[in-house]
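Worksheet: the structure to be examined is printed underneath.
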Amino acid sequence: MTNRIAIRATTKDDLEQVLALYPKAFPEEELRPVVSALLEEGSDVLSLAGFDNETLVSHALFTICGTEARCRAGALLGPLAVVPSLHRLGLGSALVHAGLERLEGMGIDQVFVLGDPAYYQRFGFSLERQVSTPYPLPKEWADAWQSMLLGSGEPIAEGRLLLPKPWMEPALWGP
Ligand SMILES: CC(C)(COP(=O)(O)OP(=O)(O)OC[C@H]1O[C@@H](n2cnc3c(N)ncnc32)[C@H](O)[C@@H]1OP(=O)(O)O)[C@@H](O)C(=O)NCCC(=O)NCCS
C-alpha cells in the first residue's frame, strides 16, 4: 500500500483536503484551527502529505521551534493523521520517517512530540525531561512528552519550548 502513496510537501492548493482529513482522523478533537493557522500564516512548518493519485490520505505537520538558548534547533511533530479506512498500513510511519529525514537535512537537531509512547517509540522517541512544554501537562500525560535526536544532533539542553502563536493555546496541551 505505502508504495502506491506519494509523499510530498503540501501547497496552498491542498489546504482544503488537509483540513477535510482532520475531523475524520480526530472525530473528538478540533484541530483545524491550529493546522490552518500554521499553514495559512506561513509559519515555519514542514507540512507533508500522502496522496493516493490526487486524493490526500495522510498528513503530518512539523513546526520549527526551539528554546531561548537554541532557537530553531528543534521541530515539533504534530498533528499526524491518516484517513481511518487506511489505518495500520504503514502510512503514518512513512510520513514520520519522511519528515525526520527532511528535518535532518535541514539541520534540525531534535524532534519533539506529544503522543502515545506505544506508537512513537518505534521511531526512536523517548521520554523528554529537559525541555518543557509551553504549558504544564496534566499528570496523566507526563509520559506522552517525548523527543528524539536526529543524526549527530546536539540535544537542546533545557528550557521551555518556544513555538509560533497558533500553538500557544492551553487547550492544545491538555485533555
Ligand atoms: C496514529 C496514526 C497516525 C497511525 O497511523 P497508521 O498509518 O495507522 O500507523 P502505521 O500503519 O504506520 O503503524 C501501525 C502500528 O501503529 C500502531 N498504532 C496505531 N495507532 C496507534 C496509537 N494511537 N497508539 C499506539 N499504537 C498505535 C498499530 O497498532 C500498529 O502497530 P503494529 O505495527 O505493531 O501492528 C493513525 O492511526 C491516526 O491517524 N489516528 C488518529 C489520529 C491520531 O491519533 N493521531 C496521532 C496523534 S498523537
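Position in the sequence shown (first residue = 1) + 124 = my numbering. Note that beta-carbon positions come from the ideal geometry of N, C-alpha and C, so glycine has one too.
Relative to Val-169, the option among Lys-148, Gly-298, Ala-184 and Arg-212 whose CA is nearest is Ala-184. At the C-beta level, Glu-278 and Gln-254 stay beyond 8 angstroms of one another. Look at Phe-236: its beta carbon is at least 7 angstroms from all of the heavy atoms in ligand 1.
Put simply, the backbone Cα of Ala-218 is about 18 angstroms away from that of Leu-238. In the DSSP annotation of this structure, Val-207 is not part of any beta strand (DSSP E), being labelled neither H nor E.
Per DSSP, the unbroken alpha helix (DSSP H) holding Leu-224 starts and ends at 215-229.
With a threshold of 16 other beta carbon atoms within 10 Å, Phe-186 meets it and is buried.
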